[in-house]
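There are 2 protein chains.
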Amino acid sequence: MKKNQIPHQIILPASELPKQWYNVRADMPNLPAPYLSPRTHKEVTAEELGAIFPKSLIEQELTTERYIDIPKEVMEKYELFRSTPMHRAYELEKALGTPARIYYKYEGTNPSGSHKLNSAVPQAYFNKIEGIKRLTTETGAGQWGTALSMATKMFDMECTVYMVKVSYQQKPYRRSIMQMYGAGVIPSPSDQTQVGRGILAKMPDTNGSLGDAIAEAVEDAASHSDTNYALGSVLNHVILHQSVIGLEAKKQMEMVDEYPDIVIGCNGGGSNFSGIAFPFLKDTFDGKEHAKFIAVEAEACPKLTKGVFTYDYGDSAGMAPITMMYSLGHSFHPSGIHAGGLRYHGDSPLLSQLYHDGFIEAAAVGQKEVFEAALLFAQTEAIVPAPESSHAICQAIKEANKCKESGEEKVILFNLSGNGYFDMTAYDMYLSGKIGDGIPGLEEEIARAQGEIKDLGL
Amino acid sequence: MKKNQIPHQIILPASELPKQWYNVRADMPNLPAPYLSPRTHKEVTAEELGAIFPKSLIEQELTTERYIDIPKEVMEKYELFRSTPMHRAYELEKALGTPARIYYKYEGTNPSGSHKLNSAVPQAYFNKIEGIKRLTTETGAGQWGTALSMATKMFDMECTVYMVKVSYQQKPYRRSIMQMYGAGVIPSPSDQTQVGRGILAKMPDTNGSLGDAIAEAVEDAASHSDTNYALGSVLNHVILHQSVIGLEAKKQMEMVDEYPDIVIGCNGGGSNFSGIAFPFLKDTFDGKEHAKFIAVEAEACPKLTKGVFTYDYGDSAGMAPITMMYSLGHSFHPSGIHAGGLRYHGDSPLLSQLYHDGFIEAAAVGQKEVFEAALLFAQTEAIVPAPESSHAICQAIKEANKCKESGEEKVILFNLSGNGYFDMTAYDMYLSGKIGDGIPGLEEEIARAQGEIKDLGL
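Line by line, the protein sequences are chains A and B.
One point on numbering: in the UniProt record's numbering, the residue at position 326 of the first sequence is 326, and numbering is uninterrupted.
One point on numbering: in the UniProt record's numbering, the residue at position 300 of the second sequence is 300, and numbering is uninterrupted.
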């Protein structure tokens, strides 16, 4: 196929939908260090995890099986919204005048608006079959909360969502859509949990953080026997579920006889980046291909580029397992940026280990350049991207511009993890010149939060 | 293929995208009566239409060619977002307990959120190649305005959108998204036009109407030589462009060896209904198949079920061509229902003629039952539907429930013409019990507006 005859949209036939998830733990040279119990500081036991997770997900968390079958009941729900289209970004290429060929996998066509539904559906299912009636969770941008609300409704379960306060305020319609699916939505920190009350006592005006919201959701789940907790990113089983993105993307690239030189995803807790990247990374492990992988984070929350590889708490209150990961410190409070999904202080242990081992690169981009990229993308490709996903767009444009300078015809693939229909407030602010550069006090806040990690003596 | 093994999503391969539009004028037994000039009350001339439309669209308006080639430049843009998926609504069927098999064509995956982009793209293109620099239009729900903003941006043109005031107020984010695409957005009636100033002088507190907004946009276009007007529904060339929906849907039904017994679409100006219905209606004309076609309107704006088949103005100010159609009267002001796209007083002349000749049935549904249907659909099929499209869902559910009573395994196909991501205010009101039944003063308003048609002596 001639490279200029590749269709705008590359659609995977239904018969080609992946039937198994890909588990990077089977192939990575160094497995991440084990989770530690926040109480004992010793390796966490399956029993301890069982307080908030179902057995089947704990198994998925720890297994090194290469492929895990997707249950029939999950496939039936996946078929509601998968496969997702891959686009050749002809219009963006033209606007940039780049010789690079840019592709994006668009996860925003699904009803929750982002890739998060890929993991919400199996998490709801595996909890349901083990008798759990209600799931609690946190949400930042609102995308995970929307996805879990939809997924719990699919399996006739209840759902309680602790929503980071700044997102709750910036995105009122996100709250509404979760309520449409029957979820209870609580701005975090809240007075509904012991943890929340503690945070509010110390910082009554806080914007909230994913760390805080996780702590509240975990406390709620741990204190009710019919209730479990569900996390939308970070953990191995979430990354496992998200592999459907990359597995489809590989087949779609094959359909047009392409292979990416560069694979890009934005990076909050790591799930959408890992989802698209790891199935391609397998080819690196196998010595077949060697793409460059770039995890793109927000300058305001630069865990990979400015954090440390360390054991740290996954939540601000120290209730979740202690994890070996890149972290800015579990007490880090990022400024109120519009990419709520990228405000997490830590990162996926899998992604962290692979970054530490040199398989993955990282980049941090600023909020203003991100919105510039988002607007250019919207005006050329006619899709309104989520601010989170726009970090990936921003980096893709940078790479394409490098190709313009060097004349290289690189193949760039990024994950457009969600749409921005619920982010018009942020776009409004950008269009009216209210989003600037620079993050005052960032270095000091990182130094403070990292000091607290050291004090743990882990 | 066994009927219970049909996939959830039926995806048309890219190679099967329609390359031509289908023109129902080639096959309908009685062509609609000609448009009349609002000035002379005589048959409108191509020259008069040329004041606000390009030659190529006027040709499409009047031709009886059966198939019209889709230009390469339009196909390139279509490929950004077409084909659209057809879904088998297994989850909805289960919730209803119906033996009917329900399918829906989902036009909300495209970046503007509705089917409107199917006509916005060719309209922008045909204007562009005739040297037009700017398009004006009206928008009700905001979907057409969004689509035209995107399409004009694609072809590097300017765009001015007169937005019905009630929609402007209920949907602030719709305004933002049009502005992202560089459009100027003006709440209508406005003080920017002579017509608008006149309406405001008489009714300073009006909610506005599509008729008013059309009048303003037409005046703006007619008074600038580099500017044309673009209409999102009603006219023949719009209906022509929308035939891609039904042409794709026919192929998708063939893929799973099905044919609809009932085809349903909501009906504002007729474009999405006609888009899905007319390619199937061709089989009726050919004597091959005989589906039942149901155009579903809002009880608050019942032009087919309570209007008259008559010559009437297309806009409230009498500037647009006079059209033979079902109408409530060009001065009809509907109450502020949340389906802004269904508030037009008249209807497509093609659809009107076919309804008059008995090929199409009509139904009117109430706002409360529509939101009930929308919520059930969202909770089962996991897509948040636009309030307009939910009228089609509501009727599809009624038909499926009839099948439950009779035991008939009918095949029901409806057009889910758009998503409801920008309609959360309406959903919020519904969830908090603020949307009720009944439309006070409707009968009186219809009587008043129809009296004004009679006074025209057309």
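Glycine included, each C-beta is placed from N, C-alpha and C at the ideal position.
- For A/P187, the enclosing beta strand (DSSP E) covers residues G184 to S188.
- At a cut-off of 9 Å between C-beta atoms, A/T425 counts as an interface residue with respect to chain B.
- According to the DSSP assignment, B/L413 belongs to the beta strand (DSSP E) that extends over V411 to L416.
- As for any alpha helix (DSSP H) of minimum length 4 sitting wholly inside the stretch 121-188 of chain B, the runs are 143-154, 165-170 and 172-180, ordered along the chain.
- For A/G145 against A/M163, the beta-carbon gap comes to about 6 Å, under 8 Å, which counts as contact.
- Listed in chain order, the non-local C-beta contacts of B/E73 below 7 Å within the same chain comprise Y125, local neighbours out to five positions each way being set aside.
- Residue contact check for A/Q20 against chain B: no CB pair falls below 9 Å.
- With 16 or more other Cβ atoms inside 10 Å of its own Cβ, B/T323 counts as buried.
- At a Cβ-Cβ threshold of 9 Å, A/S389 and A/G420 count as neighbours.
- Each of B/K165, B/K153, B/E107 and B/S188 was checked against the Cα of B/I177, and the nearest Cα belongs to B/K153.
- Not a single C-beta of chain B is nearer than 9 Å to the C-beta of A/A373.
- In this structure, the CA atom of A/H330 is about 16 Å from the CA atom of A/G198.
- Inclusion of B/G341 and B/A386 in the CB contact set at 9 Å is warranted, their separation being smaller than that value.
- Bridge pairing for A/Y106: A/L416 [DSSP].
- With respect to A/N272, A/S83 sits apart: the two C-beta atoms are not nearer than 9 Å.
- In the structure shown, A/G265 adopts extended strand secondary structure according to DSSP, grouped into three states.
- Under the 10 Å beta carbon count, B/A201 is surrounded by fewer than 16 other beta carbons and is classified as exposed.
- DSSP places B/N30 outside both helix and strand once states are collapsed to three, so it counts as coil.
- In this structure B/K250 is buried. Its beta-carbon is surrounded by 16 or more other beta-carbon atoms within 10 angstroms.
- From the listed residues B/E405, B/A378, B/E408 and B/G407, the smallest Cα separation to B/C394 is found for B/A378.
- Within chain A, the residues A378, Q379 and A382 have their CB atoms less than 9 Å from the CB of B/M150, given in chain order.
- Taking C-alpha positions only, A/K454 is separated from A/D312 by approximately 9 Å.
- Put simply, the backbone Cα of B/I435 is about 9 Å away from that of B/H338.
- Residue burial annotation: B/T45 is exposed, with fewer than 16 other C-beta atoms found within 10 angstroms of its C-beta.
- Each of B/S274, B/P334, B/F293 and B/P172 was checked against the Cα of B/A300, and the nearest Cα belongs to B/P334.
- Cβ contact annotation for B/F422 (same chain, cutoff 6 Å, sequence separation greater than five): K171, Y173 and R174, in chain order.
- Rounded to the nearest whole angstrom, the CA to CA distance from B/L210 to B/S348 is 14 Å.
- A/D428 belongs to the set of residues whose beta carbon lies under 9 Å from a beta carbon in chain B.
- In this structure, the alpha-carbon of A/Q123 lies about 17 Å from that of A/F81.
- According to DSSP, A/M319 shares a beta bridge with no other residue.
- As computed with DSSP, A/E73 is found in no beta bridge at all.
- Secondary structure in the stretch 290-378 of chain A: the beta strand (DSSP E) runs of 3 residues or longer, each lying completely within the stretch, are 292-298, 308-313, 322-327 and 361-365 in chain order.
- Closest option to A/Y430, judged by alpha-carbon separation, among A/K368, A/E443 and A/A183: A/K368.
- For the stretch 82-109 of chain B, the set of positions with a beta-carbon nearer than 7 Å to some beta-carbon of chain A reads T109 in chain order.
- Under the three-state reduction of DSSP, B/I10 is assigned to strand.
- With a threshold of 9 Å between beta carbons, B/F422 makes contact with chain A.
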